[in-house]
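Chemist:
Residue numbers (this note's numbering): 452 to 679.
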């Protein structure tokens with residue numbers, strides 16, 4: 452069975468404005484300066500706790516332990532209550548997901564985004580039924596770039612591990628490192644939130660147009676079949 456696992460923020464949806472709004476509610480409550488979109492974009496990728504830690508550190512606040520936990524809990528409460536329709540799919544994403552599913556490709560989602568906002572987003576976009584497996588930032592104790600979430604998603608899709616006839620699609624350094632650690636071929640979406648040049652991230656293929664993804668996956672799966 453062919454399977455593809457996707458990252459979410461910066462890969463399938465542009466969520467930076469929605470996340471920045473939530474972050475600005477938090478820092479506003481603390482009497483701190485607001486985040487601009489570019490700043491918020493740079494903090495996305497390692498989960499809610501890291502986002503909060505980075506945003507506060509940039510404003511001269513370095514809470515640790517229980518203090519940090521309080522701020523992260525508040526951020527996650529705001530995040531869970533935020534409407535999912537504030538996120539915008541990148542061009543061509545929905546058509547490509549539905550095409551792959553119609554072709555019998557099993558689709559998975561592996562994100563560091565917490566579970567509640569992930570569920571809200573998928574429901575708001577009408578995508579809940581598209582994914583046979585969803586692993587979020589609070590599914591396991593580990594988060595990406597640890598390979599455990601991707602391996603877990605692969606197992607939920609019926610694969611023993613992330614490898615074989617399974618591919619991982621993401622947009623960032625975190626995603627590239629996750630795929631490499633998991634032993635999964637990585638396809639890089641270049642219009643997301645990465646900071647490094649494309650050539651600095653290990654990948655099997657890179658694309659900026661979702662219309663190209665099905666043919667890239669076809670070629671990848673042929674290569675994987677020939678090398679087994």
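C-beta: ideal position from N, C-alpha, C; glycine also.
Quick caveat, the model's predicted, so the values are computed rather than measured.
Cα separation between residue 549 and residue 560?
Modeler: Roughly 14 Å separates the two Cα atoms.
Chemist: By alpha-carbon positions, which one of 651, 589, 672, 604 ends up nearest to residue 582?
Modeler: Nearest of 651, 589, 672, 604 to residue 582, Cα basis: 604.
Chemist: When the Cα of residue 491 is compared with those of 575, 618, 556, 473, which residue comes out closest?
Modeler: Measuring from the Cα of residue 491, the nearest candidate turns out to be 473.
Chemist: Among 651, 519, 608, whose alpha-carbon lies nearest the alpha-carbon of residue 626?
Modeler: Comparing Cα-Cα distances from residue 626 to each of 651, 519, 608, the minimum goes to 651.
Chemist: Measuring only the C-alpha atoms, how far is residue 629 from residue 668?
Modeler: Using only the alpha carbons, I get a separation of about 19 Å.
Chemist: Within the continuous beta strand (DSSP E) that includes residue 690, where are the two ends?
Modeler: Lying before the first or after the last residue shown, residue 690 is absent from the chain, which here runs from 452 to 679.
Chemist: Quick check on residue 540: does DSSP put it in helix, strand or coil?
Modeler: It is a strand residue.
Chemist: Tell me the start and end of each unbroken alpha helix (DSSP H) in the segment 568-656 that is at least 4 residues and wholly inside, in chain order.
Modeler: DSSP runs (the alpha helix (DSSP H)) wholly in the segment 568-656: 599-607, 624-633.
Chemist: Suppose you measure from the CA of residue 601 to the CA of residue 456; what does that come to, to the nearest Å?
Modeler: For residue 601 and residue 456, the distance between alpha carbons rounds to 8 Å.
Chemist: List the whole-angstrom C-beta distance separating residue 631 from residue 653, where the pair is believed to meet the contact cut-off of C-beta under 8 Å.
Modeler: So it is a contact: roughly 6 Å between Cβ atoms.
Chemist: Does residue 481 pass the burial test, meaning 16 or more other C-beta atoms within 10 Å, or should it be called exposed?
Modeler: Residue 481 comes out exposed.
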